[in-house]
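Take a look at the structure below.
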Amino acid sequence: MPHLAKNLSGTINHKIAQLADSQITTFNNETSKIPGIIKLTIGEPDANTPEHIKRAAIADIEKDDSHYAPEAGQPQLLTAISDYLNDSLGVDYDPAAEICVTVGATEALNVACMTLLNPGDKILVPTPVWGVYFGIIKMAGAIPVEVDTSQDDFLLTAAHLKKVLANEGKGAKAVILTDPSNPTGRVYSKQNLLELAQVITDNNLFAVTDEIYSELIYGDKKHYSLTQIIPERTLFLSGLSKSFAMTGWRIGYMAGPKELMKSVIKVNSFLITSVTDNVQAAATEALVHGAADYPVARATYGSRLKIIETGLRKCGFSMATPEGAFYIFAKIPAKFGQDDVKFAIDLANKAKVALMPGSYFGKGGQGYVRLSYAASAEDLQESIRRITDYVDSNL
Ligand SMILES: Cc1ncc(COP(=O)(O)O)c(C=O)c1O
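Basically this note's numbering = 1-based index in the sequence shown + 50.
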């Protein structure tokens, strides 16, 4: 086993050396060691990829589709994405110039930051948020400015955005929105977005919008997008990981104005050349023939949400109503105090249920825990039983 030369030690890219390890991964690994634990920590659908999507990939491999794909993506998939965006949001993106296929939304986020941000640029990040954003922004040499949304039911308001732009966010170049949100499950209304769009325009910002959970919205709530309002300054990101249970396939995409996408496609090609052919074939099948898969996922998660939300509220947790994605961000009952890490560790050890400490998601998360209900109904019911016993026994 080689060891790094002593005189090379400490010489790697300082931005990388300074990146903190993911607290989420560490917590997840630690709690995995507890015998009998039920883990509601990870945002990973428990279902498998629908059969027709798998078949499309197998057929593609058997056709010997094994050569470099075009940099921006295979034309059939670009057309399928364009049609999907048109059908679902009524927006118009040219498949030949305004869409780029990526290795998941994660790579799309990296491409967005590398394309838009210079070292030292500020980007506003409403929190609590999926913590990976911070590492990606810092790898690009930019500065994430956290905007704590906890006082506004975990939604960024136009008034708050204005205030931040006049203070710690002064001179920011972009704002990133996650809608629906991981970790809070909150969803922006049309009015919210209209007001935000005005401030974004007045301050000449780019908007990066991560809509990977857009097909997972429950009840009467409807999904709207900044692309419908300010497409001229919006970089749209999404992917199929969550809606089609395709996390391991690594497939996502970006859409934006042609002038911007030229650079996006350039960065994407330097990073990955192009996305795996058979994965693109599977994604094309999902988008062209997968409309029936969404209601199945929505019905499953929607019913689980009801069970969990009711159970948690009954035993003293409170929360801003979760409306999308598959997360509940719940305030720990007051008698346990504000130390969410201590609470989550104790709960994992004593009740054998792992929930993620809220403070791992940035400012505004302290005193909360995130629960992922992308787990089986049995595990969820058993978890609620265990949490209730734990809360009751700590009277
Ligand atoms: C808000 C958000 N964006 C992006 C991703 C990553 O998506 P992908 O699997 O497409 O890289 C996740 C995964 O948890 C997420 O929660």
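Beta carbons are placed, not taken as given, at the ideal position from N, Cα and C, and that holds for glycine.
What is the DSSP secondary structure of residue 289, reduced to helix, strand or coil? strand
Sequence-distant residues of the same chain with beta carbon closer than 6 Å to residue 145, five excluded per side: 128, 129 and 132
Can you find a heavy atom of ligand 1 that lies under 8 Å from the Cβ of residue 232? With a threshold of 8 Å, the Cβ atom of residue 232 counts as near ligand 1, since some heavy atom of the ligand is closer than that.
If I'm right that residue 183 touches residue 226 with Cβ under 8 Å, what's the distance once you round it to whole angstroms? 7 Å
Taking C-beta to C-beta, are residue 93 and residue 292 nearer than 9 Å? Yes, the pair counts as a contact, with Cβ atoms nearer than the cut-off.
For the candidate residues 366, 160 and 298, whose alpha-carbon lies nearest to that of residue 191? 160
Put residue 152 into one of helix, strand or coil per three-state DSSP. strand
If contacts are defined as beta-carbon pairs under 8 Å, then residue 207 and residue 414 qualify, I think. What distance do you get, rounded to the angstrom? The C-beta separation of residue 207 from residue 414 comes to about 13 Å, leaving the pair out of contact by the 8 Å criterion.
For residue 115, the three-state DSSP class (helix, strand or coil): coil
Ligand 1 heavy atoms versus the CB of residue 423: any closer than 8 Å? no
Distance, Cα to Cα, residue 103 vs residue 307? 30 Å
Nearest-angstrom Cβ-Cβ length linking residue 259 and residue 277, presumed shorter than 8 Å: 7 Å
Find the nearest neighbour of residue 120 within the set 316, 236 and 81, judged by alpha-carbon distance. 316
Are residue 321 and residue 274 close, meaning C-beta to C-beta below 9 Å? Cβ atoms of residue 321 and residue 274: not closer than 9 Å.
DSSP has residue 338 in a bridge; who is on the other side? Paired residues: none, contrary to the question.
Cα-Cα, which of 300, 435, 349 and 305 is closest to residue 327? 300
Proximity below 9 Å, CB of residue 90 to CB of residue 440: No, these two residues do not count as a Cβ contact at 9 Å.
Secondary structure at residue 226, three-state DSSP: helix, strand or coil? For residue 226, the secondary structure class from DSSP, reduced to helix, strand or coil, is strand.
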